[in-house]
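Chains as they are written, first to last, in our numbering: chain A, 1 to 416; chain B, 417 to 832. Ideal Cβ positions, reconstructed from N, Cα and C, are used throughout, including at glycine. For clarity, every value in this text was computed on a predicted model and none was experimentally measured.
Laid out in structure tokens, this is it:
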């Protein structure tokens with residue numbers, strides 16, 4: 001029977017390893033089983049800990065109540081999201097000086113899904129550029145779709161164009177030497193915590209306009225930008241509406257990692273081209289994909305998301321962000337004063353540190369877990385240029401962050 | 417610039433028309449604008465109207481409350497779903513005599529997504545069989561992935577194997593003459609309302625075992641089966657775990673079309689084969705897809721879903737199903753006594769009728785809208801063998817259903 005079973009999508013077999021976070025989970029579980037008394041502090045996965053703010057919980061409950069009454073029950077909603085939420089999102093873009101219309105916005109249940117699914121509307125032979133290190137989902141989903149070759153020994157896949165972002169170039173990806181069709185950019189960056197300057201984004205938009213490329217701009221962490229004048233949205237850059245798609249999420253800002261709401265902005269003027277070279281609206285392609293393969297985000301969740309954009313919701317969300325960013329400061333300053341070379345953490349909830357003593361990222365992971373009982377994320381899990389780096393997340397309880405910093409300072413003072 | 421824009425996935429350009437339901441919406445809006453006084457009764461889209469039952473609303477609110485407290489807040493959950501829900505689902509399978517383990521189950525936010533996304537784990541050159549008429553999502557997502565040729569004049573796509581299900585064969589698809597790799601089956605059927613007999617399912621499982629094919633079994637409507645002895649799950653059929661994947665949803669049963677929860681069952685022993693002919697677990701491929709491209713279903717929604725499996729929730733859900741099935745009986749008997757030839761509606765919430773007077777399905781749609789102000793779904797929207805048929809949904813308020821039946825009986829008595 002085996003010889004005739006349906007053929008699988010063999011591109012999956014090119015994937016180099018399990019998705020990063022399951023591997024971390026496995027090592028942590030093994031360590032915890034062997035050391036049942038260890039109080040392990042998780043600063044690995046970027047998952048929020050603060051509860052949903054009261055105005056958001058109230059909206060979620062009100063949405064639930066509405067679903068229980070004949071007069072206010074809602075069945076299928078518009079796949080693109082309810083206008084009350086899209087209008088709130090559009091208004092928040094207007095405040096940031098970004099040009100986004102209500103019907104450019106597609107509400108979804110997560111940016112992981114959106115950044116993973118967006119590639120489906122593009123042909124398989126486009127040349128894809130992405131930074132190294134990078135959020136693994138961008139890479140893996142293109143591998144699974146067959147848009148890459150095999151992985152080499154460093155874990156890099158054939159056909160992808162990797163743009164190194166390291167301490168040497170100030171974590172700013174440089175423009176590709178030649179033509180690429182699609183570019184993934186993430187700012188504030190996961191994992192490096194770097195924020196792209198306005199000038200850099202202007203260069204990228206100019207590049208994309210010249211090369212007629214599309215920028216897939218992941219702004220999932222824009223709410224963590226503290227410095228005035230930094231760019232929150234690619235759509236603050238003039239000329240970007242012809243060349244960019246933006247992804248945003250309530251996961252980290254409003255604490256929605258378990259509640260699930262995000263959105264994607266595709267300007268209606270943005271086009272790709274078909275086999276004959278004719279322009280085709282990417283907005284209409286995505287709309288076809290979204291309405292055919294998705295049935296809209298849960299209504300009570302959309303109510304809760306809208307509350308996060310209301311005056312009370314925003315204050316509460318900002319307070320949570322301030323809390324995490326104080327964690328980031330503590331980690332950054334604590335480790336810095338202990339002799340670590342530390343990056344990020346000023347406009348992003350991630351601290352990116354240079355692994356000391358010539359260790360690999362996974363060596364450091366294992367030692368940090370063993371000697372400080374702290375879980376972080378090995379930089380090499382984000383790409384070969386992440387080797388020798390390590391990500392700590394600012395999403396944690398203050399007391400845990402303080403204890404983790406103290407333990408690292410005390411137990412892990414390796415020579416740089 | 418146009419000449420160098422990123423190339424789109426041109427398979428989208430093979431899609432014949434907008435997705436069926438947006439087209440219906442457009443015609444209804446146009447009619448309503450031209451006839452502002454008409455009281456239009458929607459029996460088109462299969463969308464529930466009864467509010468969520470109290471135990472489910474309470475669970476949703478309790479989940480929201482938990483999200484608002486430090487001690488009970490939940491961030492990222494397991495992508496496959498929380499065990500409390502997977503255990504409830506597994507228990508309900510056990511009661512039905514179906515062999516399903518907790519870790520065969522993947523919780524999601526909708527069966528539309530699941531039935532749309534499952535094809536990604538299969539190679540593009542598998543031969544796909546599906547019934548005609550059929551739920552359009554199965555077809556469209558395979559077109560979008562490039563697994564078909566162009567559409568012909570009847571709307572059928574090259575490379576797909578269509579299995580007619582019409583009154584002539586009692587709406588039972590016959591086994592393909594030759595080999596196919598993947599078969600979509602839906603029972604109770606959308607749109608025909610037919611239920612596959614145990615003997616028929618046994619034949620299909622035997623065929624799949626002999627041909628080493630995979631059956632994608634959509635059981636989204638299993639809760640509407642009234643007749644004892646009919647099969648609810650493909651996993652009630654011995655030998656099915658090697659050859660089948662099952663999709664189920666809370667959308668229609670528990671009224672979750674706006675709340676969003678569904679699940680997919682992939683037995684761990686089910687395999688496809690790779691390029692070398694070696695077996696590859698489809699469960700592990702789907703797990704990779706699910707964890708890379710999806711971040712789990714909203715926690716409060718999973719709580720609500722679990723409540724639908726609890727004793728009180730089940731009673732309330734059953735009462736709602738009974739309500740809709742009484743609608744189905746009224747439509748079925750009302751139209752039958754008016755001379756219509758009527759199918760389905762006994763173990764499914766859909767009534768499938770023969771369009772009278774030699775009209776096309778869309779002609780009948782327009783006349784039913786104009787003369788009875790009733791919205792249904794043209795059978796041809798589900799495939800060329802649906803031409804000459806029409807779907808009415810039992811999801812509506814009793815008074816609307818009664819009024820719709822009365823109007824059709826009075827205003828639409830065409831010769832058969």
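- Looking from the CA of residue 647 of chain B, the closest CA among B/569, B/687 and B/615 belongs to B/615.
- The Cβ-Cβ distance between residue 123 of chain A and residue 426 of chain B falls below 8 Å.
- Counting only runs of 4+ residues, the alpha helix (DSSP H) found wholly inside the region 136 to 170 of chain A occupies 136 to 145, in chain order.
- Contact annotation: in the region 493 to 521 of chain B, residues whose CB is within less than 8 Å of a CB in chain A are 493.
- Interface annotation, residue 12 of chain A: in contact with chain B, CB-CB separation under 8 Å.
- Listed in chain order, the beta strand (DSSP E) runs fully inside the region 653 to 723 of chain B are 660 to 665, 678 to 681, 687 to 689 and 695 to 697, counting runs of at least 3 residues.
- What residue 733 of chain B touches in chain A, judged by beta-carbon distance under 7 Å, is nothing: the nearest beta carbon there is about 14 Å away.
- According to the DSSP assignment, residue 116 of chain A belongs to no beta strand (DSSP E) but to the alpha helix (DSSP H) extending over 111 to 117.
- Contact check for residue 28 of chain A and residue 40 of chain A: beta-carbon distance about 7 Å, within the 8 Å limit, so the pair qualifies.
- At least one beta carbon of chain B lies nearer than 8 Å to the beta carbon of residue 279 of chain A.
- The beta carbon of residue 298 of chain A falls within 8 Å of a beta carbon belonging to chain B, placing the residue at that interface.
- In this structure, residue 628 of chain B keeps its C-beta atom at 8 Å or more from the C-beta atom of residue 596 of chain B.
- In this chain, the alpha helix (DSSP H) harbouring residue 826 of chain B covers 814 to 827.
- Taking C-beta atoms as the reference points, residue 117 of chain A and residue 430 of chain B fail to come closer than 8 Å.
- If you draw a straight line from the Cα of residue 563 of chain B to the Cα of residue 6 of chain A, it comes to about 14 Å.
- Neighbours of residue 798 of chain B in chain A, taken as residues at a C-beta separation under 7 Å, are lacking, since the least C-beta distance is about 15 Å.
- Put simply, of B/622, B/827, B/668 and B/632 the residue whose alpha carbon is nearest the alpha carbon of residue 654 of chain B is B/622.
- Residue 103 of chain A is positioned such that its CB atom lies no closer than 8 Å to that of residue 257 of chain A.
- For residue 545 of chain B, DSSP records a beta bridge to B/577 and B/599.
- As a beta-bridge residue in DSSP terms, residue 634 of chain B pairs with B/602 and B/663.
- Residue 711 of chain B has its alpha-carbon roughly 21 Å from the corresponding atom of residue 662 of chain B.
- Using beta-carbon distances, residue 407 of chain A does not count as an interface residue toward chain B, since no partner is under 8 Å.
- Around residue 481 of chain B, the beta-carbon contacts reaching into chain A at under 8 Å are 57 and 61.
- Taking residue 809 of chain B as reference, the option from B/472, B/828, B/775 and B/768 with the minimal CA-CA separation is B/768.
- Taking the C-beta atoms as reference points, residue 657 of chain B is found no nearer than 8 Å to residue 762 of chain B.
- Closer than 9 Å at the C-beta level to chain B, one finds no residue of the region 189 to 203 of chain A.
- In this structure, the beta-carbon distance from residue 766 of chain B to residue 609 of chain B falls below 8 Å.
- The way I'd put it, the region 125 to 144 of chain A does touch the region 160 to 172 of chain A; three or more beta-carbon pairs between them come closer than 8 Å.
- Distances from the CA of residue 321 of chain A to each of A/201, A/291, A/254 and A/79 were compared; the closest alpha carbon is that of A/254.
- Comparing alpha-carbon positions, the option among A/63, A/80 and A/74 lying closest to residue 265 of chain A turns out to be A/80.
- For residue 542 of chain B, the nearest CB of chain A lies under 8 Å from its own CB, placing it at the interface with that chain.
- With contacts defined by Cβ atoms closer than 8 Å, residue 650 of chain B and residue 630 of chain B do not form a contacting pair.
- DSSP places residue 50 of chain A in the coil class of the three-state scheme, outside both helix and strand.
- The C-beta of residue 640 of chain B comes no closer than 8 Å to any C-beta of chain A.
- For residue 590 of chain B, no chain A residue has a Cβ inside 9 Å of its Cβ, as the nearest lies near 21 Å away.
- Inter-residue distance for residue 705 of chain B and residue 370 of chain A is about 32 Å (C-alpha atoms, whole angstroms).
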